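Visitor:
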Amino acid sequence: MKGFIHRLFRDEGGATAIEYGLICGLIGMVVLAALGAFSGRMEAVYGKVSQFVLAAGS
1 MKGFIHRLFR
11 DEGGATAIEY
21 GLICGLIGMV
31 VLAALGAFSG
41 RMEAVYGKVS
51 QFVLAAGS
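Under this note's numbering, the first residue of the sequence shown carries the number 1, and numbering increases by one thereafter.
1) What residue does the alpha helix (DSSP H) around S58 start on, and which one ends it?
2) How long is the line joining the alpha carbons of L22 and G47, rounded to whole angstroms?
3) Taking just the CA atoms, how far does E19 sit from A37?
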């Protein structure tokens with residue numbers, strides 16, 4: 001039993017997967033924050049483009 005616990009604490013194989021998971025989570029939060037910050041501006045841009053397309057079609 002003592003050998004199993006010793007091997008368990010020395011094994012670092014899962015640490016990389018956890019680190020990648022944390023990095024992906026952080027990137028996801030940054031993307032969501034950026035979308036929230038720019039959503040009003042993007043809505044205005046898409047509205048102007050829509051007006052130009054509708055005006056060109058008439």
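By construction, the Cβ of each residue, glycine as well, lies at the ideal position given by its N, Cα and C atoms.
These numbers were taken from a predicted model, which means no experiment stands behind them.
Guide: Result, derived from the coordinates:
1) Note, S58: premise wrong, no alpha helix (DSSP H); not H, not E.
2) 37 Å
3) 27 Å
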